[in-house]
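Participant: As given, the protein sequences belong to chains A and B, one line each in that order. With our numbering applied, the first sequence corresponds to residues 84 to 742, in that order. With our numbering applied, the second sequence corresponds to residues 23 to 506, in that order. C-beta: ideal position from N, C-alpha, C; glycine also. Predicted model only: the values in this text are computed from it and were never measured. One structure follows; several queries about it will come next.
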Amino acid sequence: MGATAAGVDAGRFPRTRLPAGGPAAGRRGPFRGLLRAGGSAAGWCALTLTIAAAAGAAALVVAYRRAEWGQGGQFGWFWAGMLIFTLPAAWWGMRTGVSARLRLAVLAGYGCFTYLPKLLRNPGGPLYHDEYAHWGQSHDILLDGRLFEQNPIVRVIGDYPGLHATVSSLAALTGLSVWHAALLALITAHVLVLLGVAVLAGQLWPDPRAGVAAAFAYSLNSSFLFFDTQLGYESLALCVLVWALAGALRAMRATTRDGRFGWAAFTWLLALTAVATHHLTALWLTGILGLLSITATLGPLRTAARTGWALTGGVALITGLWMSAVAPRTGSYLDPYLGRALGQFGGLAGGGSGGRTLFSQSIAPWWERATAYAAPGFALLAMAGAAALWWRRRRTADPLTSAGTAAMLLVGALYFPATLLILTPAGAEGARRSWAFSYLGLALAVAPLIIALLDRPRRRRSAPRVALLVPGVALLAACALMLVGNNAAGMNPSYRFPGPPVFGSDTRAATPEVLAAAAWLRETQGREARLVADRYSGLIFGSYGEQHPTTGSATFPAYDLYLAQPGRPMPAALLHQLRSWRFEFLVVDRRMAEQVPDIKIYFETNEPIPHDGRPAFTRAQLTKFDTLPWLIKMYDGPHVAIYRFDFGSLDAQAAGSAP
Amino acid sequence: MTTIRVTYLAYAALAATLAADGRPALAVPLCLTALLCSGELLLRALPGIPAESGVPAARAGLTALAGLATLPLVALTLHLAGAPIRTVPLLAGTTAAVTLSTACALWRENRPTQPTANAGADARPVAHADAEPSSPGRLPAQRARGLLPPDDPASDQARAPESRAASDHAPVLESPAASDHGPLLESQAVSDHALAPEHSASLGRAPVPGPPAISVHNASTNVKTPDAVSGLPVNPDRGMHVVSPESPAGKVRVRLGEYARNGMAVAAPVVLAVAIGAVATRAYLSAPRPEQPGYLSVALNGWAAGIDKPVTVPVRGLAVPVRVTSAGLDTLTTSLRLRIGGRLVAARPVTVGADTVRSLTVHVPAMPADGCLRAVSISVGRMSTGFYARGPITDGKRAALLTAGKRRAPLADEHGAPLTEKGQAAPRLNGSLTGPGVGPATPAGSAAGAGTPAGVRGGSGAGASAGAGLVAGVVAGGRGRPGC
Numbered sequence: 084m085g086a087t088a089a090g091v092d093a094g095r096f097p098r099t100r101l102p103a104g105g106p107a108a109g110r111r112g113p114f115r116g117l118l119r120a121g122g123s124a125a126g127w128c129a130l131t132l133t134i135a136a137a138a139g140a141a142a143l144v145v146a147y148r149r150a151e152w153g154q155g156g157q158f159g160w161f162w163a164g165m166l167i168f169t170l171p172a173a174w175w176g177m178r179t180g181v182s183a184r185l186r187l188a189v190l191a192g193y194g195c196f197t198y199l200p201k202l203l204r205n206p207g208g209p210l211y212h213d214e215y216a217h218w219g220q221s222h223d224i225l226l227d228g229r230l231f232e233q234n235p236i237v238r239v240i241g242d243y244p245g246l247h248a249t250v251s252s253l254a255a256l257t258g259l260s261v262w263h264a265a266l267l268a269l270i271t272a273h274v275l276v277l278l279g280v281a282v283l284a285g286q287l288w289p290d291p292r293a294g295v296a297a298a299f300a301y302s303l304n305s306s307f308l309f310f311d312t313q314l315g316y317e318s319l320a321l322c323v324l325v326w327a328l329a330g331a332l333r334a335m336r337a338t339t340r341d342g343r344f345g346w347a348a349f350t351w352l353l354a355l356t357a358v359a360t361h362h363l364t365a366l367w368l369t370g371i372l373g374l375l376s377i378t379a380t381l382g383p384l385r386t387a388a389r390t391g392w393a394l395t396g397g398v399a400l401i402t403g404l405w406m407s408a409v410a411p412r413t414g415s416y417l418d419p420y421l422g423r424a425l426g427q428f429g430g431l432a433g434g435g436s437g438g439r440t441l442f443s444q445s446i447a448p449w450w451e452r453a454t455a456y457a458a459p460g461f462a463l464l465a466m467a468g469a470a471a472l473w474w475r476r477r478r479t480a481d482p483l484t485s486a487g488t489a490a491m492l493l494v495g496a497l498y499f500p501a502t503l504l505i506l507t508p509a510g511a512e513g514a515r516r517s518w519a520f521s522y523l524g525l526a527l528a529v530a531p532l533i534i535a536l537l538d539r540p541r542r543r544r545s546a547p548r549v550a551l552l553v554p555g556v557a558l559l560a561a562c563a564l565m566l567v568g569n570n571a572a573g574m575n576p577s578y579r580f581p582g583p584p585v586f587g588s589d590t591r592a593a594t595p596e597v598l599a600a601a602a603w604l605r606e607t608q609g610r611e612a613r614l615v616a617d618r619y620s621g622l623i624f625g626s627y628g629e630q631h632p633t634t635g636s637a638t639f640p641a642y643d644l645y646l647a648q649p650g651r652p653m654p655a656a657l658l659h660q661l662r663s664w665r666f667e668f669l670v671v672d673r674r675m676a677e678q679v680p681d682i683k684i685y686f687e688t689n690e691p692i693p694h695d696g697r698p699a700f701t702r703a704q705l706t707k708f709d710t711l712p713w714l715i716k717m718y719d720g721p722h723v724a725i726y727r728f729d730f731g732s733l734d735a736q737a738a739g740s741a742p
Numbered sequence: 023m024t025t026i027r028v029t030y031l032a033y034a035a036l037a038a039t040l041a042a043d044g045r046p047a048l049a050v051p052l053c054l055t056a057l058l059c060s061g062e063l064l065l066r067a068l069p070g071i072p073a074e075s076g077v078p079a080a081r082a083g084l085t086a087l088a089g090l091a092t093l094p095l096v097a098l099t100l101h102l103a104g105a106p107i108r109t110v111p112l113l114a115g116t117t118a119a120v121t122l123s124t125a126c127a128l129w130r131e132n133r134p135t136q137p138t139a140n141a142g143a144d145a146r147p148v149a150h151a152d153a154e155p156s157s158p159g160r161l162p163a164q165r166a167r168g169l170l171p172p173d174d175p176a177s178d179q180a181r182a183p184e185s186r187a188a189s190d191h192a193p194v195l196e197s198p199a200a201s202d203h204g205p206l207l208e209s210q211a212v213s214d215h216a217l218a219p220e221h222s223a224s225l226g227r228a229p230v231p232g233p234p235a236i237s238v239h240n241a242s243t244n245v246k247t248p249d250a251v252s253g254l255p256v257n258p259d260r261g262m263h264v265v266s267p268e269s270p271a272g273k274v275r276v277r278l279g280e281y282a283r284n285g286m287a288v289a290a291p292v293v294l295a296v297a298i299g300a301v302a303t304r305a306y307l308s309a310p311r312p313e314q315p316g317y318l319s320v321a322l323n324g325w326a327a328g329i330d331k332p333v334t335v336p337v338r339g340l341a342v343p344v345r346v347t348s349a350g351l352d353t354l355t356t357s358l359r360l361r362i363g364g365r366l367v368a369a370r371p372v373t374v375g376a377d378t379v380r381s382l383t384v385h386v387p388a389m390p391a392d393g394c395l396r397a398v399s400i401s402v403g404r405m406s407t408g409f410y411a412r413g414p415i416t417d418g419k420r421a422a423l424l425t426a427g428k429r430r431a432p433l434a435d436e437h438g439a440p441l442t443e444k445g446q447a448a449p450r451l452n453g454s455l456t457g458p459g460v461g462p463a464t465p466a467g468s469a470a471g472a473g474t475p476a477g478v479r480g481g482s483g484a485g486a487s488a489g490a491g492l493v494a495g496v497v498a499g500g501r502g503r504p505g506c
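This is the structure in structure tokens:
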């Protein structure tokens, strides 16, 4: 390869020759410069990726249409659509001979494309469980102008108003609806996550291909396509976390006091935003900064280590103050996800029962399940390779790069024990939530390994041309496998695809009947009334209905109303609670006596209700309310009935009974 | 763009957002402009402008994120100040944030340049604070082992650099003291000793003490970057062009074109993606969808929707408005039934049109004045609604009411509808029809038993008790048992 070609292929120099007028002749505006810099590469890239994006989008539309009509094949079409764009984008982003600006363009385009599955899933309004909660919270802020109001669906989110304040502020300033303002914020955050991972990687390795590799590797995590694109506080907070880490590394690298302070102040400001937005993100940010500080301390980096500890201390202080003063309920909210999970896991390890069968009654095809089982194995392999590479380079690499990589290896290592928690009912959700964070470490640690594997054949001058393609093809195949497998493990098909209404599915609970019942209640009784409901009715009544539903908990077992046998007295303590807390309505979905919920939950995750594949209620249990004098049946549909509590008639007896 | 100009642009965008008065087509770009300006000012105020490293997204990304983060921070501040989260307070808060950031940025830019870092830990490069400094001109071992990518200029496989078009790379970097001449940029290619300390550090590297690095790019000389001198990883794509730090200004300047090109590199794919996404979304939404399951519902309407305790039925009986809704179903005829105390009192067929909301009025007859609570159930097909009611409890009137009730309640015909005093059947049920989503039916006759009876929460205001539909029920004949 000639010197000129080498320099050109290295991406450092434009393919076009210098203008005849010398360098000054090139100063003719950005457009011509963009074309000059790697012009033909940019053109081909734009053309191929535009065609790929159009084809991929078309395939996604076909997938969703087939799912909606129950025609099957949605999984194949979906992944075909995703891979049609993802693989070429990854190839363009990581090949040599491409300018850094083109890599930036590829990442931006990839970020936009990877939002499309979620956008098509529900373009018009909230659909996921948490989306109802966050949409309702933002909507209430837009109406009332108040922050920190308790949310009826997810109680703790009122204490973390960052996302809701952002969305409602955008809606107030621009006149957009809450949903469209949310889409604007979320798409921006989604693209910024990818760019942020690339910038974060750039703090450790200056090779831009490593940044792109890290960004693509991160996008393979199970939360990237659906969970962290939803209207949820983690979606925004994660973006802030990534850039806060970039700022932190920048502060640790600064060589002047001013620079350190400036970047530290910026990092703390972002940390405050993250803390005010999402509890888990705040904890992970503190933890990752702590790991960075530890690895810097263990290396020859005194000033960087001090800076790291100062950052960690500051962020920990902000987090601690917020969680103690503003959001003290956070601990009790998070405990079930971890505490019980560990307990259940311990029981499993000890040979007990209570585990969870993966893909039980799932409609996911066999190849999705197979890749879901294989993906952690590949991740483990990649981590082992990254660790070996780090070990090999530890003495020659920049010390902060080495320390940073070590920290990322530790963060990424947390991915694997969390994977085991997926085997427990209580831990499954917590495991999924942790992957978005631990995968960040995994992606950053593995990025240099990816580049090293890609460059390996090039170092052998006698390597045949075909050999140059092998690592790239293998990596693309691994990318496809991880993308499919992680998403199959991370999100239920009913969340990923539309379909006919299904009882007990968060995403398919919004039937016309339930929506009409919620609208009737809002129109006739006003807003913000407290009511008891099952999980799915509660989502609709708590969001579109603008009411305050409760589905029960260990300390407030509202579900005992439903569980009580006909003719037996209701728990007096529960009635006293309902009365003293001024609950007004009871919503009953009689399908609980006819069908098993799709996600095996009637009210809440830790409900004391058997899940044995049969409906847990009898019709008599759900129609007994018709004969109780202290319940006034105000509304009735094919499945959903609304009763008003009349606690003054608790001791009354009525002649006859309603049919 | 200078800090002042960015500030003016922010103010103008905020004012224009207010003037746009919630019109999204105008307000969205203005608001985004204001937020980007706010983010840019925050960046200038706190850390200063970052150097690009790897993928050139640092500045643009930080600006966008800082702008986005402005909103929740302003909202939190408004909350602390007791102000509501509304358009005017938000704009005022953002304006204050812009002003504060501008003040900090201007102070930062115009303060006297600090002396270069003295000997000591702070003066020493962070990354190599306690490490052996690399010898000038010698590459790190990792490069010697060929572990760098082949496109790295310091790698074994790199060839002598070709000349590069100067227009594609930033020629000059200015120090903060001369901010009016261009944006600030920290150079990765220039050592700490060459620049003002607050902008001397660079991303991805930490320079070592030693003679100032000198690098001059021109069309014919080999590149000798200070990174190579310092022995640190080199970013081959940093896109900067550095003049000698020994020049009188000791500064470098970045062309606006560089930022514009980076901006285009983001904007172009975003625009394409938005276009493709919009087409896909539109195609998906406009395609025919499977029919949603239909439903028929019945609900207490008007004053009856406010019933919150047992109702006392007056002597003349009670007209109870109900609403029957049909959606997604064909026109159907079903039974409208009235039960009191579990006994069927009256029933008649009722036709509900497809996708209609129908208001009916059901006449609940007087009940025995025995004080017994009775369940009143009004059902349409399988759906039912109802409440609990009792007759008047006055003892003196009990017998009189019973007698009057017997006279006033005719026998029912074969359909269960009561006959009039003249022996003719009562008027048929003909509640007025309304379309879906339409308000209450047009009153076709006054309802009997006007006035809100006891046991009803007032002010529900949902639909008048309209319609001439009456179902006169036969008095059930109270059981008259105390404690029933």
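Just checking: is the beta-carbon of Q313 (chain A) within a distance shorter than 9 Å of some beta-carbon in chain B?
Facilitator: no
Participant: Output the residue ranges of the beta strand (DSSP E) runs that lie fully inside the segment 532 to 598 of chain A and measure 3 residues or longer, sorted by chain position.
Facilitator: none
Participant: With a threshold of 9 Å between beta-carbons, can F161 (chain A) be considered close to chain B, or not?
Facilitator: no
Participant: Buried or exposed for L381 (chain A), please, with buried defined as at least 16 other CB atoms from any protein chain shown within 10 angstroms of its CB.
Facilitator: exposed
Participant: By DSSP's criteria, S401 (chain B) is part of a beta bridge. Which residues make up the other side?
Facilitator: B:R359 and B:S406
Participant: Taking only the alpha-carbon atoms, compute the straight-line gap between R673 (chain A) and E629 (chain A) and give it to the nearest angstrom.
Facilitator: 22 Å
Participant: Identify, in the order they occur along the chain, each residue of the same chain with its Cβ nearer than 7 Å to the Cβ of A38 (chain B), setting aside the five sequence neighbours on each side.
Facilitator: L52
Participant: Report buried or exposed for I236 (chain A), applying the criterion of at least 16 other Cβ atoms within 10 angstroms of its Cβ.
Facilitator: By the C-beta density criterion, I236 (chain A) is buried, having at least 16 other C-beta atoms within 10 angstroms.
Participant: In whole angstroms, what is the alpha-carbon distance linking A469 (chain A) and L532 (chain A)?
Facilitator: 6 Å
Participant: Using 9 Å as the limit for Cβ to Cβ distance, is V335 (chain B) near chain A?
Facilitator: no
Participant: Take L366 (chain A) and list the residues in its own chain whose beta-carbon comes closer than 8 Å to its own, dropping the five residues that flank it on each side.
Facilitator: Excluding residues within five positions, the ones whose Cβ falls inside 8 Å are T402.
Participant: Please confirm whether D709 (chain A) and S357 (chain B) have their CB atoms less than 9 Å apart.
Facilitator: no
Participant: Taking Cβ positions, are D402 (chain B) and V320 (chain B) nearer each other than 9 Å?
Facilitator: Residue 402 (chain B) is actually Val in this sequence, not Asp. One thing to note: V402 (chain B) has its Cβ within 9 Å of the Cβ of V320 (chain B).
Participant: Which same chain residues end up closer than 7 Å to L395 (chain B) when comparing Cβ atoms and leaving out the 5 residues on each side of it in sequence?
Facilitator: P332, Y410 and R412
Participant: If you check the beta carbons only, do G495 (chain A) and A528 (chain A) fall under 9 Å apart?
Facilitator: yes
Participant: Can you check which of these residues, A:R548, A:K201 and A:L259, is closest to S225 (chain A) by C-alpha distance?
Facilitator: Checking the sequence shown, residue 225 (chain A) turns out to be Leu, not Ser. Ranking the options by Cα distance to L225 (chain A), first place goes to A:L259.
Participant: Would you kindly report the start and end of the unbroken beta strand (DSSP E) that includes L614 (chain A)?
Facilitator: If you look at L614 (chain A), you'll find it in the beta strand (DSSP E) that goes R613 to V615.
Participant: Check whether the Cβ atoms of L256 (chain A) and S221 (chain A) lie closer than 9 Å to each other.
Facilitator: no
Participant: How about the segment 86 to 105 of chain B and the segment 196 to 207 of chain A: do they share at least three Cβ pairs that are nearer than 8 Å?
Facilitator: no
Participant: Given that W152 (chain A) touches chain B, what residues does it touch there, using C-beta distances under 7 Å?
Facilitator: P312
Participant: Under 9 Å between the Cβ atoms of L95 (chain B) and W326 (chain A)?
Facilitator: no
Participant: Which one or two residues does DSSP pair with I725 (chain A) in a beta bridge?
Facilitator: A:V670 and A:Y718
Participant: Indicate whether at least one CB of chain B lies closer than 9 Å to the CB of I533 (chain A).
Facilitator: Look at I533 (chain A): its C-beta is not under 9 Å from any C-beta on chain B.
Participant: Could you confirm whether any beta carbon from chain B is found closer than 9 Å to the beta carbon of A120 (chain A)?
Facilitator: Confidence at A120 (chain A) is low in this model, with a pLDDT of 48, below 50, so the placement of that residue should be treated as unreliable; the coordinate-derived value is given next. For A120 (chain A), the answer is yes, since a Cβ of chain B falls inside 9 Å of its Cβ.
Participant: Could you check whether the segment 678 to 698 of chain A touches the segment 657 to 664 of chain A, counting it as contact only if at least three pairs of C-beta atoms, one from each stretch, sit closer than 8 Å?
Facilitator: no
Participant: Closer than 7 Å by C-beta to T29 (chain B): which residues in its own chain qualify, once you throw out the five before and the five after it? Chain order, please.
Facilitator: L63, V120 and T124
Participant: Could you list which residues in chain B have their beta carbon closer than 7 Å to that of M717 (chain A), in chain order?
Facilitator: Those are A321, L322, A327 and T407, listed as they occur along chain B.
Participant: How would you list, in chain order, the residues of chain B whose beta-carbon sits under 7 Å from the beta-carbon of C562 (chain A)?
Facilitator: Per Cβ cutoff of 7 Å: no residues; C562 (chain A) is ~18 Å from chain B at best.
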